[in-house]
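Residue numbers (the working numbering): -9 to 368.
For glycine and all other residues, C-beta sits at the position ideal for the given N, C-alpha and C.
Heads up, the thing below is written out as structure tokens.
Shown next as structure tokens:
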């Protein structure tokens, strides 16, 4: 595997790093993560297609771009990959054609041959897709031993429109799956790093990702009681206090971020489903633990690999970016130190992360985690 990385920012291109022997004309894959208006720029798209004429280009808009050890905003981060021992296949669908988020996941996986499928990277629209239902659809068609990772595209802090695309097709409502075949190893790690406080409680009334009651009590009122003075700063302060949803029988939990509150309905809308009868617990930010979690996610990847990874794809959450503020690059540096200096790193800040959890092969939708995927040709 040979890699070139470059980025477009403030009207100019900068090359960051390149492997010895990289040949742009032999490149099979380009990962293009960036500011949504830049993904809509036809001049930039034409330049990338011309620079890497044989490559599949996977596009995703972001809430911040990761390239090397740097977090950027309003840029276009390019990672071009020349594979030597492995192959790729790509699938594209639109939520309108699929009819539902679950069916979109099914359609994506059905387009990829299961024979020899080592891993799948999924990028999905972050505003029109229900991530929990998408993941259920993906899992329903996922080959038993195939890992599946990815994320929901972002749009900064505006939540208005997200773009995903493949080659010449880019826009709202799209989903892309990248299948990896041949002599390539994919490892994954996903850790949150949030501290729990308060008792575990039961969801007594919910509808998909909208929460109404916990332990028979008004959910929003209960949440405000726990937040104390931070309640006056809602909905912005909600990023500091997500919920942990317990996965029964696993000892694991999924973090769920609050997207909005409805004072009239006294409800809260989350970035993932909260099933009725589920067990939840309030979480709070611990800055040092959030950064340590990034290193732990990288360590999970390293433990699965026999040699240092060649490429790491880091998908973190917009909520973590908001909470960490000026310390945001510390979580990237923590991961890079664990992965090794020779590894290339790319990624983005998302509206949701997709990854297995613990020893489970089934993927899950996560919020507020650092999710890392590492690749190395055998």
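Under three-state DSSP, which class holds residue i?
| i | result |
| --- | --- |
| residue 7 | strand |
| residue 346 | strand |
| residue 367 | strand |
| residue 24 | strand |
| residue 119 | coil |
| residue 86 | helix |
| residue 253 | coil |
| residue 177 | strand |
| residue 67 | strand |
| residue 129 | helix |
| residue 167 | strand |
| residue -5 | strand |
| residue 218 | helix |
| residue 341 | coil |
| residue 262 | coil |
| residue 207 | strand |
| residue 145 | strand |
| residue 172 | strand |
| residue 319 | helix |
| residue 314 | helix |
| residue 304 | strand |
| residue 150 | coil |
The alpha helix (DSSP H) that contains residue i, what's its start and end?
| i | result |
| --- | --- |
| residue 222 | Looking at the DSSP string, residue 222 is not in any alpha helix (DSSP H), and its letter there is neither H nor E. |
| residue 300 | Careful: residue 300 lies outside any alpha helix (DSSP H) and carries neither H nor E. |
| residue 17 | Segment: none, residue 17 is in no alpha helix (DSSP H) and carries neither H nor E. |
| residue 34 | 32 to 41 |
| residue 289 | 277 to 294 |
| residue 333 | Neither: residue 333 is in no alpha helix (DSSP H) and is coded neither H nor E. |
| residue 94 | 91 to 100 |
Is it the case that the Cβ atoms of residue i and residue j are separated by a distance below 7 Å?
| i | j | result |
| --- | --- | --- |
| residue 153 | residue 51 | yes |
| residue 98 | residue 81 | yes |
| residue 333 | residue 299 | yes |
| residue 256 | residue 212 | no |
| residue 48 | residue 21 | yes |
| residue -8 | residue 101 | no |
| residue 58 | residue 335 | yes |
| residue 108 | residue 185 | no |
| residue 367 | residue 76 | yes |
| residue 237 | residue 246 | no |
| residue 259 | residue 199 | yes |
| residue 302 | residue 364 | yes |
| residue 264 | residue 196 | yes |
Enumerate in chain order the residues of its own chain whose CB-to-CB distance from residue i is below 8 Å, with the five nearest sequence positions on each side excluded.
| i | result |
| --- | --- |
| residue 290 | 177, 178, 179, 180, 181 and 362 |
| residue 285 | 324, 325, 327 and 328 |
| residue 133 | 104 and 107 |
Following the continuous beta strand (DSSP E) through residue i, name the residue where it begins and the one where it ends.
| i | result |
| --- | --- |
| residue 189 | 185 to 197 |
| residue 243 | 242 to 246 |
| residue 203 | 200 to 204 |
| residue 51 | 46 to 51 |
| residue 355 | 353 to 356 |
Excluding the 5 residues preceding and the 5 following residue i in the sequence, name in chain order all residues of the same chain whose CB lies nearer than 6 Å to its CB.
| i | result |
| --- | --- |
| residue 351 | none |
| residue 44 | none |
| residue 91 | 119, 120, 123 and 124 |
| residue -6 | 8, 12 and 70 |
| residue 110 | 138, 167 and 169 |
| residue 142 | 114, 116, 121, 340, 341 and 342 |
Once you ignore the five residues that flank residue i on each side, which residues in its own chain have a CB closer than 7 Å to its CB?
| i | result |
| --- | --- |
| residue 312 | 229 |
| residue 205 | 191, 192 and 194 |
| residue 149 | 117 |
Return the bridge partner residues of residue i from the DSSP annotation.
| i | result |
| --- | --- |
| residue 138 | 110 |
| residue 271 | 234 |
| residue 159 | 156 |
| residue 61 | 56 |
| residue 2 | -1 |
| residue 359 | Looking at the DSSP assignment, residue 359 forms no beta bridge with any residue, so it has no partner. |
| residue 72 | -8 |
| residue 81 | 167 |
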